[in-house]
Amino acid sequence: MIGVAIKMLMGDTGKYVGMIVGITFAALIMTQQPAILIGLLSRTYSLISDASYPDLWVMDPKVQAVDDVKPLQDTKLLRVRGIEGIRYAVPLYKGMLRARTPDGNFQNCSVIGLDDATLIGGPGNMVAGKLEDLRRADAVIIDVDGANKYLAQKLPDGTRVPLKVGDTLEINDKRAVLVGIARTTPTFGSLPLIYTTYKRTLAFAPQERLKLSFILAGLKPGVEAAPVIASINQYTGLTAYTAEQFKKVSVQYTIDNSGIVVSFGIVVMLGFIVGAATSGQVFYNFTQDNIKQFAALKAMGTSNGMLVKMVLAQAALVGISGWGIGIGLVSLLGLSIGPNGDFPFMMPWQVVALSGSGIVLIVIFAALLSIRKVVTLEPGVVFK
Amino acid sequence: MSQPVVICRGVKKQFGNGGGAVQALRGIDVEINQGELFMLVGPSGCGKTTLISVIAGIINQTEGECRVLGESVSGMSSGDKAKFRARNLGFVFQAFNLLPALTAAENVALPLFILGESKKAAVTKAYDLLAQVGLKDRGKSLPAELSGGQQQRVAIARALIHEPKIIVCDEPTSAIDHVTGANVLEMMRTLSKDHGTTLIIVTHDNRIFPYADRMGEMDDGHIMAIHTPETTQGRHYA
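Residue numbers (the working numbering), protein chains in the order written: chain R, 11 to 394; chain Z, 2 to 239.
Structure, rendered in structure tokens:
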């Protein structure tokens, strides 16, 4: 009888397609919007993602996110190095400086200063040049977007001439030579990213009393992070996080201090409501249009239980088809963008599960309307 | 003498309550025998359809008792009624009520699907039945591709496939022309005799009266008289 139900459904091509379009639309919205949201939120911790080497990020206790820099005294670095279980601890500068491009324009840039000796925290994916080239005089490495877009020379006809290795620019009126181009995770603020050494950033940056932004620390082999974090807090008064913890803290800060989740949530909710309304309506109409057939089946001895299974099978087919197409379309979108595209997009399994749960709710809602109709159906109508 | 398969005693049916109540059946006493072709005739609104609905266990009577194949269907749960209908009753509806998305063979096989038989076995048997009603080569046709008479023959095959003891027919010839109607009735009578099936037919169509073994003439919720075809010559019901 389930096969009969499926044939009944597919026999009404117009409504079948209409229901699938409704579910596809809902699945598309409920998957694509969270994927964009997560893509955007992942950019809030792009520096942490790209600097995968250190085990711990040590910072001022008041720091709420990776972009919320509260400089430390240089002596704190030495104190962290003295904590039991710490294998190394190196400084990291993170600041906002103004760069002058070859065509004379100015552009705010996010400048990262790496430990001169180890270059820990540097980008792992070099497109041109080598990370070690940062040890050359006035050397900087710029991210791909910075080199190709933000800091590129703009010609009078509007075309851009990307920066290339060997080009020079000014950072805070100090000469800088481009020695490498790195592919990095796009940042939330879409600013060009300039890597250089820690000491050089002290020269680039205006004079300030404190310049140490973060301390990147490594653990000795076999040492657990939690007790070391507790020791750092106890003996230095600083806060330390693992990379994953710091990512979560940074995301939470963005969620708490912006309306981004509410905005995307409203769109997802609208997708759910519109999908439920259209699919529910069309599915109910389908049942209504086939009510004499259901009545005939009921008169011939089909039990209410079997009729419920038939309606659920029809609803499930519509739901699975629409959801599958919706997920497929969103995946195609993600594949077309690529992992480091301009468009923020990230679709972990949780997003797929979330949209799947939403579709299940829509399908149950649509099916319940129809189930009520067929269960209370008086088979005697078949004689009228 | 054949055993009665339907025994109704003092059956009353009221729809609604209070001032708007409609008394559809006002005390029906009737017995229908095994293998008999029994017609219920009478003017529109006299209670014919209500009576077959009560006999088929589709609605419950308000008063009285109706025993079908020795069982009181009104006392059953809705699930047991459904099982009882699926096993023991076949239906031929006025508007055929074939499922438009299913082929003729699948439509015929429906009662076996309801009883849980495998698709392959059910469809094989459906082709045998279609052959008996002269539609062996139309098994894969959709109902929309069949004429009215062919659709009605598919409906008859559907009513017979699970070898029910009783077939209930509601105006089986009203949607087809006279010649086709006569052929359909002839076929139903032959097949029912072959299968030992009782036929209960509700009809206005006086041209098919001669096919009945007995006829219950209804009016205003009563069975006024039981006739044989000979005693109903020239009668007409609007």
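Even glycine gets a Cβ: it sits at the ideal position worked out from N, Cα and C. Source: prediction; values computed, not measured.
| query | result |
| --- | --- |
| Candidates R:S120, R:F224, R:V189 and R:Y205: which alpha carbon is nearest V90 of chain R's? | R:F224 |
| Determine, using beta carbons only, whether Q298 of chain R comes closer than 8 Å to chain Z. | no |
| Any Cβ of chain R within less than 8 Å of the Cβ of P101 of chain Z? | yes |
| Starting from V14 of chain R, find everything on chain Z with Cβ-Cβ shorter than 8 Å and list it in chain order. | L100, L103, E107, L111 and F114 |
| Give a yes or no on whether the minimum CB-CB distance between A309 of chain R and chain Z is below 8 Å. | yes |
| Taking 8 Å as the cut-off, does the stretch 218-230 of chain Z touch the stretch 183-192 of chain Z (at least 3 CB pairs, one atom from each stretch)? | no |
| Which residues in the same chain have their Cβ closer than 8 Å to the Cβ of D70 of chain R, if we skip the five residues on either side of it in sequence? | K80, P81, L82, L248 and T249 |
| Tell me whether I30 of chain R sits in a helix, a strand or coil according to DSSP, three-state version. | helix |
| Whose C-beta lies closer than 7 Å to the C-beta of V316 of chain R among residues of the same chain, with five residues either side of it excluded? | Correcting the residue type first, residue 316 of chain R is Met in the shown sequence and not Val. Closer than 7 Å at Cβ, skipping near neighbours: M11. |
| Can you find a CB in chain R that lies within less than 8 Å of the CB of N171 of chain Z? | The amino acid occupying residue 171 of chain Z in the given sequence is Asp; Asn does not appear at that position. Yes, D171 of chain Z lies at the interface with chain R (some Cβ there is under 8 Å from its Cβ). |
| Can you list, in chain order, the stretches of the beta strand (DSSP E) that have 3 or more residues and sit fully within the stretch 86-121 of chain Z? | 90-93 |
| Beta-carbon separation of T199 of chain Z and Q4 of chain Z under 8 Å? | no |
| According to DSSP, is M2 of chain Z helix, strand or coil? | Note on M2 of chain Z: pLDDT 49, under 50, position unreliable in the model; no value is reported. |
| On the premise that L161 of chain R lies in contact with P133 of chain R, defined as a C-beta separation below 8 Å, what is that separation, rounded to the nearest angstrom? | Wrong, their Cβ atoms sit about 16 Å apart, outside the cutoff. |
| Select from the stretch 58-85 of chain Z all residues with a C-beta closer than 9 Å to any C-beta belonging to chain R, and list them in chain order. | I59, I60, S79, G80, K82, A83, K84 and F85 |
| Excluding five sequence neighbours on each side, which residues of the same chain lie with their C-beta closer than 6 Å to the C-beta of D2 of chain R? | This structure does not reach residue 2 of chain R, given that chain R is present from 11 up to 394, and the question cannot be answered. |
| Tell me which residue opens and which closes the beta strand (DSSP E) that C34 of chain Z is part of. | A small fix is needed here, since residue 34 of chain Z is Asn in this sequence, not Cys. Segment V23 to N34, the beta strand (DSSP E) holding N34 of chain Z. |
| CA-CA distance, T211 of chain R and Y205 of chain R? | 9 Å |
| Nearest to M310 of chain R by CA position, among Z:M188, Z:P173, Z:T174 and Z:H163, is which residue? | Z:H163 |
| Note down, in chain order, all residues in the stretch 115-132 of chain Z with a beta-carbon under 9 Å from any beta-carbon belonging to chain R. | I115, L116, G117 and K120 |
| Any beta-carbon of chain Z closer than 8 Å to the one on M11 of chain R? | yes |
| My guess is that W67 of chain R and A253 of chain R are in contact by the Cβ rule of under 8 Å, so how many angstroms apart are they, rounded? | 7 Å |
| Which same chain residues, not among the five before or five after M2 of chain Z, have their C-beta less than 7 Å away from its C-beta? | Residue confidence for M2 of chain Z is low, a pLDDT of 49 falling below 50, so the modelled location carries little weight; the figure read from the coordinates is stated next. Excluding residues within five positions, none has a Cβ falling inside 7 Å. |
| Name, please, each residue of chain R whose Cβ falls closer than 7 Å to the Cβ of S142 of chain Z. | Near S142 of chain Z there are no residues of chain R at all, since even the closest Cβ is about 14 Å away, more than 7 Å. |
| What is the rounded straight-line gap between the Cα of A110 of chain Z and the Cα of K120 of chain Z? | 8 Å |
| Just how far apart, CA to CA, sit A132 of chain Z and P144 of chain Z? | 16 Å |
| Roughly how many whole angstroms lie between the Cα atoms of E142 of chain R and L129 of chain R? | 8 Å |
| My output table needs one value for F274 of chain R: the three-state DSSP class, helix, strand or coil. | helix |
| Closer than 8 Å, CB to CB, is A183 of chain Z near chain R or not? | no |
| Can you find a CB in chain Z that lies within less than 8 Å of the CB of Q360 of chain R? | no |
| Run down chain Z in chain order and give the residues with a C-beta less than 7 Å from the C-beta of V392 of chain R. | F94 and N98 |
| Mind reading off the beta-carbon distance from T297 of chain R to L51 of chain R? Whole number of angstroms is fine, and I expect it under 8 Å. | The Cβ separation is near 42 Å, so there is no contact. |
| Quick test of your reading: I53 of chain Z and D214 of chain Z, contact by CB under 8 Å. State the CB separation rounded to the nearest angstrom. | The Cβ separation is near 17 Å, so there is no contact. |
| Candidates R:G269, R:M29 and R:A45: which alpha carbon is nearest F353 of chain R's? | R:A45 |
| Output the residue ranges of the beta strand (DSSP E) runs that lie fully inside the stretch 152-212 of chain Z and measure 3 residues or longer, sorted by chain position. | 167-171 and 199-204 |
| Can you tell me the Cα-Cα spacing of L222 of chain R and S273 of chain R, whole angstroms? | 36 Å |
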